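Line order of the protein sequences matches chains A and B.
Mapped onto the numbering used here, the consecutive letters of the first sequence carry residue numbers 1 to 330.
Mapped onto the numbering used here, the consecutive letters of the second sequence carry residue numbers 331 to 606.
Beta carbons are placed, not taken as given, at the ideal position from N, Cα and C, and that holds for glycine.
Please read these numbers as outputs of a predicted model, since none were measured by experiment.
Worksheet: one structure, shown below.
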Amino acid sequence: MSSVESAVRPPVVKNRKRTLKQRLNASGYKWAPYVFVSPFFVIFAVFGLFPLLFSLFLSFHYWEPAAGLGAMEWVGIENFTFTLTDDWFQTSVYNTIWIALAAGIPQHVVAIPLAYFLHTSFKRSRNTVVGMYFLPFITSSVAISLVFTTLFSRDFGMINMLFTSAGNWTVGDIQPLAWLFPTANIDWNRPEYTKTMIAFVVFWRYVGWNTVLYLSAMQTIPKDLYEAATVDGAKRWQQFWYITVPMLKPMMFFAVTLTIIGNLQLFEEPFIITGGTGGIEQAGKTAAMHMYITAFVEGDFGTASAVSWILFALIAFLTWGNNKLLGEKK
Amino acid sequence: MNKLTKSHIIAYFIVGMGSIIMLAPFYFMFVFATHTNSSILSVPPPVWFGGEFVNNVGILLDALPYFWHNIGLSFYVALITTILNLFFCSLAGYAFAMFEFKGRNVMFILIMGTMLLPPFLGMIPTALIMSKLEWMNQPRALYIPMACGAMGIFMMRQFISSAIPKELIEAARMDGCNEFAIYWRVVVPLITPAFGTLGLITFIGQWNNFMGPLVVMNDMKMFTVPLALRALQGTGQVPWGAICAGAAIAVVPLMILFVMTSRKLIDGLTAGAVKG
C-alpha cells in the first residue's frame, strides 16, 4: 500500500508540516474510493444478495405468505423433488428449450450472413439499415407482443392472410404454392403452433442485436486478409466462408452465450402472447413463467423459489456446456 | 463495380426484404391505432391509416383511466433511475479507474460477477422485501434497486480510464481540491459523452421494464406503461385499436430517441463485446 502511495504521490510532504486541510485531503485520498464504490455494495446487499440468500432459504420451506414469516415450515429438499417430478415444470422446461432453440439458432444463422452483406455491400446507407434491424431490440416487449397477437390472430391476422393468399394462389387450375403454405387460416393459439409464434417474436426482437454484434466484430477483421484472398481469386462466398466465419469464432461464442442466457429466461413475450396463462395445454409456458405463476398466482413461494434455483442451475450448466463446446478452440 | 453488381443486387434484395419484416409490425401498430375494432376485425384487415386515432385513445382512457398518469410515472421512474445510475456508476467507475486501493480488483470482479445473476432469481424475495418495507406501489421500489448497475460501472470505468489522464487528477489534488470536488469539477464535465450513452441505455431499459413493476405495483394508478398495456388484455372483447394506440404511445418516444442517437446507443451497448 505505502509503495503504491509513494509512487503516486510526490514525496515532498515529509519535510514540510502539513496543514489540517492537506491532512484531511490525504486521508480523503485513502478513503474516497471506498466511499465511491459503496453505493453499489449497499444496494446489492439489500436488493441483490439478501434476496438471493432468502430465496435459497425459502426453497427449503413450505410457506403460507398470509400467515407471516413465522409460519415457515422446513421441508428439506421436498420442493426440489416435487418440482423435478412435476409434469407442468417438465412441460415448461421443454417449452423453454424448444423456444430457445427455435428462436436462437435462426438468430445466428440469419445474423451472420446479414452482417456480412451489411459489411461488404452497404456503405452510406449502412447505419440506416442497421437501425431498422435494431429497432425491435429497443422497443417495449410488452407493446410489441400485443401488436403481434393481432398480427397472428386466426380470423383477421395479417400473417394468416399472407400465408393463405400464397397457399391459395392459383395459376390456371393448380395452386403451385399449396404444398408450402396453408390454404386455410391457422389458429396460432392451438398448442401445436403457440411455441412457433413465440419463437418468431423472439427471433424478430433479437436478430438485429446479434447482427450488430457480428457487424462490430467484422469491422475488426484486418482488410489485408480479404485483399490477399481477392488477389488469389477467391469469390465472395469463399471469402465469407474461409475468412469471415473463422475470424468470427470468438464473437460467436460471446453471442451464443448471451442467447442461451437470455432465451432460457424468456418471460415477457410468452407471458403477453399467452395472456399470462401459458396458453392452451400450457404449450407456451416457459420455466420463468412457471416460477411466476407458482409464486404469485398459486401463492406457493417455497416451490417457486426451488423452481428458480433449478432454472439457474440449468442455465449455468448449459452456459458451461457452451463454453466447453465453443469456448476452448480459441 | 461490374464484377460485383450481381451479388450486390442479391444482397440489397435480401436485406431489403428483411427490413420490411422488421418494420412491418411497427407499421401495422400505427395503422391499427387509427382504425375501429370492427374495421381491424374485417377481412382483409386495413393496410392504410384511418381516422380513428382520437377515438381509440378515448377507448384506451376508458379502460385505463390513469393512462396519462401511468405515462408520467414511467417517465419519472426512468428519469430518476437514469440520474441515480449516472451519479453512482460514474463515482464507482472513477474510483476503479483512477485510484489504487486495497481490494480494488476483487471488488471489480465481484461487481462484474453480479451481471451473471439472472434477474428472475431475485423476483420473489424482492417482492417480499418491498412489501415488508411497505414500498409496494411506491416508485422507489422501482428505482432504488436499479440505482447502480454493474454494466454502468464497467462502462464508466472504461471511459474514464481512457479519456482522463491521471496527471489531471493529480494536479487537482496538489492544488488542494478534495476528492469529491475533483470528481464533481474535473471528472464530471469530461465524461458527458459517456453520460449520454449510459443515460440512454438506462432510460430505455427502465421504460421497458416489465418484470420489476409486475411484482411491486398492484394499484392501477401506479402501473407503468407496460403494465397498463398488459391490463387491456383478456377482459371480454379485446379493444385492438386502443391496444395499438397505447402501444404506439409507449413506443414512439423510444423510436424518436433511437433515431436521434442510434449510433451512440448501439456503440454503448456493444462496448465490451468487441476487444481491440
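Under 8 Å between the Cβ atoms of residue i and residue j?
i         : j         : result
Thr366(B) : Phe383(B) : no
Met211(A) : Ala115(A) : The sequence given here has Thr at residue 211(A), not Met. Contact: yes.
Thr150(A) : Phe362(B) : yes
Ala493(B) : Leu520(B) : yes
Trp514(B) : Leu584(B) : no
His61(A)  : Gly299(A) : no
Ser420(B) : Met486(B) : yes
Ile273(A) : Ile159(A) : no
Leu599(B) : Ala580(B) : no
Leu528(B) : Leu595(B) : no
Phe80(A)  : Ala287(A) : no
Phe360(B) : Ala578(B) : yes
Val545(B) : Phe296(A) : yes
I'd like to know if residue i contacts chain A, where contact means its C-beta is closer than 8 Å to some C-beta of that chain.
i         : result
Ile521(B) : no
Tyr473(B) : no
Gly606(B) : In this predicted model, Gly606(B) has a pLDDT of only 36, less than 50, meaning its place in the structure is not dependable enough to derive any value.
Ala407(B) : The amino acid at residue 407(B) is misidentified as Ala; the sequence shows Val. Judged by the 8 Å Cβ criterion, Val407(B) is not in contact with chain A.
Val345(B) : yes
Glu382(B) : no
Thr600(B) : yes
Gly497(B) : It should be pointed out that residue 497(B) corresponds to Glu in this sequence rather than to Gly. Answer no: the Cβ-Cβ gap between Glu497(B) and chain A never drops below 8 Å.
Met331(B) : Interpretation of Met331(B) is limited by its pLDDT of 44, a score under 50 that renders its predicted location unreliable; the figure taken from the coordinates is listed afterwards. No - not a single Cβ of chain A is within 8 Å of the one on Met331(B).
Leu353(B) : yes
Ser368(B) : no
Leu584(B) : yes
Ser349(B) : yes
Pro455(B) : yes
Please name the residue in the options whose C-alpha comes closest to that of residue i.
i         : options                                       : result
Lys286(B) : Gly506(B), Lys594(B), Val516(B) and Phe484(B) : One cannot answer for residue 286(B) here, as it falls past the ends of chain B, which runs 331 to 606.
Phe418(B) : Phe41(A), Arg126(A), Thr170(A) and Thr120(A)  : Phe41(A)
Gly526(B) : Lys551(B), Gly482(B) and Gly506(B)            : Gly482(B)
Gly388(B) : Gly571(B), Ala561(B), Leu414(B) and Gly348(B) : Gly571(B)
Phe156(A) : Val377(B), Thr335(B) and Val373(B)            : Val373(B)
Phe312(A) : Tyr424(B), Leu451(B) and Phe533(B)            : Leu451(B)
Phe134(A) : Ala45(A), Tyr206(A), Pro113(A) and Val297(A)  : Tyr206(A)
Phe484(B) : Ile401(B), Ala425(B) and Leu371(B)            : Ala425(B)
Thr128(A) : Phe271(A), Pro33(A) and Gly208(A)             : Gly208(A)
Gly423(B) : Ala66(A), Ser38(A) and Ile144(A)              : Ser38(A)
Ser153(A) : Tyr226(A), Ala143(A), Ile186(A) and Arg126(A) : Ile186(A)
Specify the secondary structure class of residue i as computed by DSSP and reduced to three states.
i         : result
Val171(A) : strand
Glu382(B) : coil
Glu298(A) : coil
Trp74(A)  : strand
Tyr133(A) : helix
Tyr62(A)  : strand
Val4(A)   : Because Val4(A) sits at a pLDDT of 49, beneath the cut-off of 50, its placement in the model cannot be relied upon, and the point is left open.
Met252(A) : helix
Val93(A)  : helix
Ser121(A) : helix
Phe362(B) : helix
Met161(A) : helix
Pro475(B) : coil
Gly279(A) : coil
Asp224(A) : helix
Arg309(A) : Reading the sequence as shown, one finds Trp at residue 309(A) and not Arg. Helix.
Gly529(B) : helix
Phe82(A)  : helix
Met352(B) : helix
Phe450(B) : helix
Asp87(A)  : helix
Glu269(A) : helix
Lys14(A)  : Its pLDDT being 49, under 50, Lys14(A) is placed unreliably in this model, and the coordinates cannot settle the point.
Ala32(A)  : helix
Trp537(B) : helix
Ser592(B) : helix
Distance cutoff 8 Å, beta carbons only. Does residue i sit that close to anything in chain B?
i         : result
Ile99(A)  : no
Gly131(A) : yes
Ala304(A) : yes
Thr286(A) : no
Phe312(A) : yes
Gly275(A) : yes
Flag residue i as yes if its beta-carbon sits less than 8 Å from any beta-carbon of chain E, otherwise no.
i         : result
Leu403(B) : Protein chains A and B are contained in the structure displayed, whereas chain E is not.
What are the complete alpha helix (DSSP H) segments, minimum 4 residues, inside the region 188-241 of chain A?
-> 191-218, 223-231 and 236-239
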